[in-house]
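Residue numbers (our numbering), protein chains in the order written: chain A, 100 to 727; chain B, 6 to 91.
Positions of the beta carbon are idealized from the N, C-alpha and C atoms, including for glycine.
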Amino acid sequence: TTRSWDFMGFNESVSRKRKTESNIIVGVIDSGIWPESDSFSDEGFGPPPSKWKGACRGGKNFTCNNKIIGARYYNSASSEISARDEQGHGSHTASTAAGNQVKDASFYGLAKGTARGGVPSARIAAYRVCYPDTGCADADILAAFDDAIADGVDLITISIGGSNAIEFNEDVIAIGAFHAMAKGILTVQAAGNDGPKSSSVSSVAPWLFSVAASSTDRMIVDNIILGNGKTVQGISINSFSLDGQKLPLVHGKEVLSLTDDCSTTSAENCFPGCLDSRKVKGKIIICDREMGYVGALRAGAAGSILLTDLSKEDAFLVAFIVPLPASAVSSKEYNAILSYKNSTKNPLAEILKSEAIKNTTAPVVTKFSSRGPNSLVPEILKPDISAPGLQILAAYSPIAPISEYLDDKRSVKYHIISGTSMSCPHVTGVAAYVKTFHPDWSPSAIKSAIMTTAWTMDPSKNGDGEFAYGSGHINPLEAINPGLVYETLKPDYIKMLCSKGLSDKALRRISGDNSTCPKGSEKESPKDLNYPSMSAQVKQDKPFKITFNRTVTNVGLPNSVYKANVSQPQNVSIKVEPAVLSFKSLNEKKSFTITVSGSAGKPFLSSSLVWSDGKHSVRSPIVVYYSS
Amino acid sequence: TDADTDRNLHIVYMGSLQEGQYSPASQHLTMLQEVIGSSSLENVLVRSYTRSFNGFAAKLTDNERQKLSSMDGVVSIFPSGTLHLQ
């Protein structure tokens, strides 16, 4: 967050409604929180807003303050008794959504800047449901939703999920979020890290706001300087400096330990115990696999150069924290280093501390971010939106492991991590920001505002198009002024559930009223849910004609005329009827239809509808794809 | 007991809280008592959801799960799985 907000133009001087913001409560369902972090200090905060009905039940040695106004923990697997974050994840997400502004935050000097959440003046209520050994139990997640909704939070952020979509009546996050939505609370969820596999998005319910992860213009790399003066760019998050010293280079196979049952291949790969520590000390060891740094460290090497089997671009996506001066390089660079080493009698190298460089291709959706299409409701485009989720610096728990190498005992207050977990709270922060300007807006109106004002993303850099980034990249400054919103309320979602086969009896139980499902011809397809994006699946090799029905609400200027503009892909006709919408008052609603027709052709067509009044631009993606 | 080892944590989802309702927690106990019979409810009911929606988490055998699924008010019953941080 020392760069991600600025990257979006959402800098420290943006206009804010500070008083309203301090009444916003963000519920964070995660691995707990580190209450002593500077990101959660309550300096300058008054008492909790009067609407707060929650409690501070964080357990042993856990104290709330006027920033963290609530804390609860749930653990059906054991008697663990604290909301204190042991994994760092919950503190990271909470501070990204609503952490204070903290100057000079960094990870050992890396990514230094002012760490801050989307709404620094907002309050946080932490609900711990995840534990290092047992994960996050469904029963506990549902309990957290039950409490958070009743406690009076305004938004829920949940960077938790499974590896695949689950039917709504068995998906605890969909269930909890549905009841949250019914009470006016928007739930924002991480889309998942199972990309780039098609249909890997696990957050699929239309009342959820599902977030993909993308890059920012900051990229952390490290340089390796060889004895011949040549510089090779490597990937890792390396906080160590060799202070200008060039050290001897040695390949793993040259320092095979004879005391253990190890092969030359094991030594090449730097397997722990297979390196002779006497021959390694004070040297940089070259290893034929990425995890070789573990063996290198155990043998006492001064540093390590590691071969990654990923391309340079992909390696960057998973740049890992190393516990010694180490850097990963892809095969081209690796071979260059080996070639240099073999060409000289006394090969030397220096691994520099990581540094931030400009990433000019951003924003690009990360490879790991889960992809659509939606496997449960193909007519609802998921993920919904994309936000920064790569190498994000935010608060961390000082007792949490900082790397996958468990012997790395370093402790940090701020850490750089990646995932859709990190992108999710960025959207929560923006949703909270929008709510400060429009406190009475429904969850779907806030979601629509964020989706229809998103930056367009470049499909040539994002192979899966809308299935990777949804409506595009969040644009916080525009989201407060969308002009029109696509609003969807509880009865609309219920109608959609009916079309998916929900019985009247189950419907009445879920809705809590006497609703009945529409019969026969009144039944509505999920494609007609008043969603801010349009998606449909059609049969392969057959001509198609699809009509989407939508209604927009005027939240811009009382007297305004919006004109439709549609990009027309080849061999497809897209018509909007009416193509002009005239509004006379605020909150006035106007309906229209979009008809997409075409012959068999490309398996994926992507277009967009933009309503424009000259001041606002309200963009919705239109995606039609073949069923496989 | 053998029955205890066959029990797995399940979520019994019952939808919205009905307005002006009785105590949902006692309804959960009654429902469980009905399927468990004379056995003790101790360690069976893990948690009741009563503040924002209706449901409970309980350790059930397959047989008990089947009996509960046909009871009035139950929307769905499913094993409590494990999700992960993303």
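Nearest candidate by alpha-carbon position, reference residue i, set the options
i         : options                                       : result
Val-731/A : Ser-681/A, Val-695/A and Ile-124/A            : With chain A covering only 100 through 727, there is no way to say anything about residue 731/A.
Ser-698/A : Pro-642/A, Asp-712/A and Asp-270/A            : Pro-642/A
Val-533/A : Lys-116/A, Pro-497/A and Met-107/A            : Lys-116/A
Ser-510/A : Thr-519/A, Ser-522/A and Pro-497/A            : Pro-497/A
Tyr-513/A : Asn-327/A, Leu-241/A, Lys-150/A and Gln-186/A : Gln-186/A
Glu-454/A : Ser-338/A, Ser-298/A and Ser-438/A            : Ser-338/A
Arg-156/A : Ser-130/A, Asp-506/A, Ser-543/A and Arg-171/A : Arg-171/A
Leu-489/A : Phe-415/A, Met-633/A and Arg-227/A            : Phe-415/A
Thr-195/A : Thr-519/A, Ser-690/A and Leu-576/A            : Thr-519/A
Ala-499/A : Ile-132/A, Lys-714/A and Ser-149/A            : Ile-132/A
Thr-93/A  : Pro-538/A, Phe-566/A, Lys-701/A and Lys-674/A : Because chain A spans 100 through 727 in this model, residue 93/A falls outside it and cannot be assessed.
Lys-560/A : Leu-583/A, Asn-473/A and Glu-412/A            : Glu-412/A
Gly-343/A : Phe-277/A, Ile-450/A and Val-637/A            : Ile-450/A
Val-717/A : Ile-673/A, Asp-483/A, Phe-144/A and Tyr-661/A : Tyr-661/A
Ser-138/A : Pro-148/A, Ser-220/A, Val-287/A and Ser-130/A : Ser-220/A
Closer than 7 Å at the beta carbon, the chain A residues around residue i
i        : result
Leu-18/B : With the sequence shown as reference, residue 18/B is identified as Tyr, and Leu is not the correct amino acid for it. Per Cβ cutoff of 7 Å: Asn-268 and Ile-274.
Gly-25/B : The premise fails here: Gly-25/B is roughly 11 Å from chain A at the closest Cβ pair, so nothing lies under 7 Å.
Gln-91/B : Ser-258, Ile-259, Gly-260, Ala-289, Gly-291, Asn-292, Gly-518, Thr-519 and Ser-520
Leu-14/B : Ser-175 and Ala-238
Three-state secondary structure assigned by DSSP to residue i
i         : result
Asn-337/A : coil
Val-59/A  : For chain A, the structure presents residues 100 to 727; residue 59/A sits outside this window and is missing.
Pro-575/A : helix
Gln-288/A : strand
Cys-361/A : coil
Thr-87/B  : strand
Met-76/B  : coil
Val-40/B  : helix
Leu-423/A : coil
Glu-676/A : strand
Gly-235/A : The sequence shown places Cys at residue 235/A, rather than the Gly named in the question. Residue state, collapsed to three classes: strand.
Ala-210/A : strand
Ala-395/A : helix
Val-464/A : strand
Tyr-439/A : helix
The ligand ADP heavy atom lying under 6 Å from the CB of residue i
i        : result
Ile-82/B : As for the ligand ADP, it is missing from this structure, which has no ligand bound.
Proximal residues of chain B, C-beta to C-beta of residue i below 9 Å
i         : result
Ile-248/A : Arg-56, Ser-57 and Phe-58
Leu-241/A : Ile-16, Tyr-18, Arg-52, Tyr-54, Phe-58, Gly-60, Ala-62 and Ser-85
His-715/A : Simply none; closest approach about 33 Å.
Arg-397/A : What Arg-397/A touches in chain B: nothing, since even the nearest Cβ is about 28 Å away.
7 Å Cβ cut-off: residues of chain B touching residue i
i         : result
Leu-656/A : Near Leu-656/A there are no residues of chain B at all, since even the closest Cβ is about 37 Å away, more than 7 Å.
Gly-605/A : The sequence shown places Ala at residue 605/A, rather than the Gly named in the question. What Ala-605/A touches in chain B: Val-80.
Partners in chain A for residue i, counting only beta-carbon separations shorter than 8 Å
i        : result
Thr-87/B : Thr-233, Gly-234, Cys-235, Ala-236 and Asp-237
Ala-30/B : Within chain A, no residue comes near Ala-30/B; the closest Cβ sits about 12 Å away, beyond 8 Å.
Chain-ordered neighbours of residue i on chain B, where CB pairs are closer than 8 Å
i         : result
His-350/A : Going along chain B, no residue has its Cβ under 8 Å from His-350/A, so there is no contact; the nearest lies around 37 Å.
Gly-611/A : Gly-20, Ser-21, Leu-22, Gln-23 and Glu-24
His-278/A : Ser-21, Ser-57 and Phe-58
Asp-245/A : Tyr-54, Thr-55, Arg-56, Ser-57 and Phe-58
His-188/A : Leu-90
Spatial neighbours of residue i in its chain, beta-carbon cut-off 8 Å, leaving aside the 5 residues before and after
i         : result
Asn-686/A : Thr-652, Asn-653 and Val-654
Val-417/A : Leu-409, Phe-467 and Ser-517
Tyr-392/A : Cys-369, Cys-386, Ser-403, Leu-405, Val-421, Pro-422, Leu-423, Ala-425 and Tyr-504
Phe-161/A : Pro-134, Cys-155, Ala-170, Ser-181, Ala-182 and Arg-183
Ser-313/A : Ala-461, Pro-462, Val-463, Val-464, Thr-465, Ser-468, Ser-485, Ala-486, Pro-487, Gly-488, Leu-489, Ser-522, Met-556, Tyr-568 and His-572
Ile-128/A : Tyr-226, Val-228, Ile-240, Ala-243, Phe-244, Ala-247, Ile-255, Thr-256, Ile-257 and Ile-259
Expected contact under 8 Å - CB spacing of residue i and residue j to nearest Å
i         : j         : result
Ala-214/A : Gly-189/A : No, Ala-214/A and Gly-189/A are not in contact; Cβ-Cβ is about 16 Å, not under 8 Å.
Ala-635/A : Glu-503/A : About 42 Å; that fails the 8 Å criterion.
Thr-527/A : Val-125/A : 6 Å
Gly-158/A : Ile-168/A : Contact doesn't hold; Cβ gap of about 16 Å is too wide.
Asp-375/A : Ser-362/A : That pair is no contact at about 14 Å.
Ser-485/A : Gly-564/A : Contact doesn't hold; Cβ gap of about 11 Å is too wide.
Ile-272/A : Ser-21/B  : That belief does not hold up - the Cβ atoms of Ile-272/A and Ser-21/B are roughly 17 Å apart, past 8 Å.
Ala-249/A : Ala-225/A : Contact flag wrong, Cβ pair sits at about 16 Å.
Close-in-space but distant-in-sequence residues of the same chain around residue i (CB under 6 Å, 5 per side omitted)
i         : result
Ala-318/A : Note on identity: in this sequence residue 318/A is Met, with Ala being the wrong assignment. Once the five neighbours on either side are set aside, the close Cβ partners of Met-318/A are Ile-456 and Asn-458.
Thr-330/A : Asn-322 and Ile-324
Lys-688/A : Thr-650 and Thr-652
Arg-102/A : Thr-315 and Arg-317
Ser-74/B  : Ile-82
Beta-carbon contacts of residue i that lie in its chain and below 7 Å, excluding the five residues immediately before and after
i         : result
Ile-44/A  : Absent from the structure is residue 44/A, since the part of chain A shown begins at 100 and ends at 727.
Lys-594/A : Pro-617 and Glu-623
Ile-284/A : Ile-248, Val-252, Asp-253, Leu-254, Ile-255 and Pro-542
Asn-613/A : Arg-607
Closer than 9 Å at the beta carbon, the chain A residues around residue i
i        : result
Gly-42/B : Within chain A, no residue comes near Gly-42/B; the closest Cβ sits about 23 Å away, beyond 9 Å.
- Query: Closer than 9 Å, Cβ to any Cβ of chain E: which residues of the stretch 126-140 of chain A, in chain order?
  - Reply: Checking the listed chains, one finds no chain E in this structure; the protein chains it contains are A and B.
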